[in-house]
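What follows is a single structure, written as structure tokens, with notes after it.
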Amino acid sequence: MSDQAVKLGFALAGHLLPMTSLLPTRLIDDRVKKSNKYATLMASIDELGIIEPPVVYALPATTPAQYLLLDGHLRVEALKELGHETVYCLLSTDDEGYTYNHKVNRLVPIQEHFMIMKALERGVSEERIARALKLDVQSIRLKRYLLNGICPEAVELLKDKPIGAASLQVLRKVKPARQVEIAEMMNMVGNYGRPYCEALVAATPKELLVEQAKTRAKSMLSPDEVARMQREMETLQRDLHLHEDTYSENFLNLVLIRGYLKTLLNNPRIARHLTAHYPEFAETFQHIIASTSLEETP
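To convert, take the position in the sequence shown, counting from 1, and add 227; that gives this note's numbering.
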């Protein structure tokens, strides 16, 4: 292991800076300011203040000091509209904003549920949470009880997936063992929508349905239709397991191919030859090299 110290991407101590010293690196469209996301951000900052400080880079040889705003344009704009004249910022050691804007973890509904539950456990009222998220109290209560009727094993499988309240409501119609099976199917396919969840529930054997769902299923589908859907879903599950077994090997091969193509095109003579004589191959190779999906581990 190398003894070389890890280089920090920003200073350990932040600074309170005047708004007038910040130089934005992009413009904010008026349509963004009219969006629900921006309204929620405004409400959150007004109620709780800044949680994630903006990131800036100090421009050398500027008097008075000027700072390039790398990340946090919406937060800064919201603070300005709320009348703030200063903002606490993190000082980056580099002037690149790629890391802050690319490495983003989107908040999914189940994670939002856990955050709300943690806030409630710490004594924060539903009313204050609603004000911070610009929602009504009823919406907070729906998020609070989002996982009622969902077994812990299924929650564990879906906790970081973009599954919404509508799909979870459908998932409650089956027993825990079937909930786990459906969660695994959703993860394999990458489809968390309500229609897909309803199809999986409709293809569930009666003994794995909760009593209320059994009654509704009788009135919605005939026995022949249910049997046909069950056979189709069993076939789909077998196919998915087959593809899952070969996915990792295929993914590794693609990563190796991408690395090889990158090495080829980094050679100026090869790159010129391909561009001059086989432009369609050169373009295809560039698309493969530029693929961001191959940067993620399966």
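Where a beta carbon is used, it is the ideal one built from N, C-alpha and C, also for glycine.
Exercise. State the Cα-Cα distance for the pair Leu239 and Tyr315, rounded to the nearest angstrom.
Key: Each residue's alpha carbon lies about 13 Å from the other.
Quiz prompt | Of the residues Asp256, Ala266, Leu243, the one placed nearest Pro280, counting alpha carbons only | solution = That would be Leu243, whose Cα lies nearest to the Cα of Pro280.
Exercise. Would you kindly report the start and end of the unbroken alpha helix (DSSP H) that includes Ala392?
Key: That run of the alpha helix (DSSP H) goes 392-398.
Quiz item: Is it true that the CB of Glu308 sits closer than 8 Å to the CB of Met269?
Solution: With respect to Glu308, Met269 sits close: the two C-beta atoms are nearer than 8 Å.
Quiz prompt | Lys345 versus Ala266 - alpha carbon distance | solution = Rounded to the nearest angstrom, the two C-alpha atoms are 23 Å apart.
Self-check item: Contact the segment 255-262 vs the segment 296-308: 3+ CB pairs below 8 Å
Solution: Contact between the segment 255-262 and the segment 296-308 is present, because at least three Cβ pairs lie under 8 Å.
Self-check item: Backbone secondary structure at Thr313 - three-state DSSP
Solution: Of the three classes helix, strand and coil, the one that applies to Thr313 here is strand, per DSSP.
Quiz item: So which of Arg368, Gly276, Ile337, Lys433 has the shortest CA-CA distance to Asp387?
Solution: Of the listed residues, the one whose Cα sits closest to Asp387 is Ile337.
Quiz item: Around the Cβ of Phe341, are there at least 16 other Cβ atoms within 10 angstroms (buried) or fewer (exposed)?
Solution: Phe341 comes out exposed.
Practice problem: Specify the secondary structure class of Ser352 as computed by DSSP and reduced to three states. | Solution: Residue state, collapsed to three classes: coil.
Quiz item: So, helix, strand or coil for Pro389, using DSSP?
Solution: Reduced to three states, the DSSP call for Pro389 is coil.
Quiz item: Taking the alpha-carbon positions, what's the Ala430 to Ile409 distance?
Solution: Using only the alpha carbons, I get a separation of about 10 Å.
Quiz item: Exposed or buried, what is Tyr284 when buried is set at 16 or more other beta-carbons lying within 10 Å of its beta-carbon?
Solution: That one is buried.
Quiz item: What do you get for Leu235, buried or exposed, if any count of 16 or more other CB atoms within 10 angstroms of its CB means buried?
Solution: With a threshold of 16 other beta carbon atoms within 10 Å, Leu235 falls short and is exposed.
Quiz item: Skipping 5 residues on each side, what residues in its chain have a beta carbon closer than 8 Å to that of Asn414?
Solution: Excluding positions up to five away in sequence, the list reads Leu384, Leu385, Lys388.
Self-check item: Pro432, DSSP secondary structure in three states
Solution: Assignment of Pro432 by DSSP, reduced to helix, strand and coil, places it in the coil class.
Quiz item: Where does the unbroken alpha helix (DSSP H) through Tyr294 begin, and where does it stop?
Solution: Not the alpha helix (DSSP H): Tyr294 falls in the beta strand (DSSP E), residues 294-298.
Self-check item: Span of the beta strand (DSSP E), counted from its first residue to its last, around Val283
Solution: Counted as a single uninterrupted DSSP element, the beta strand (DSSP E) harbouring Val283 occupies residues 282-285.
Quiz item: Counting pairs of beta carbons, one from the segment 421-436 and one from the segment 388-401, are three or more of them closer than 8 Å?
Solution: Yes, since at least three Cβ pairs between the segment 421-436 and the segment 388-401 fall closer than 8 Å, the two stretches touch.
Quiz item: Closest to Ala381 by CA distance: which of Leu395, Glu507, Leu362, Met246 is it?
Solution: Measuring from the Cα of Ala381, the nearest candidate turns out to be Leu395.
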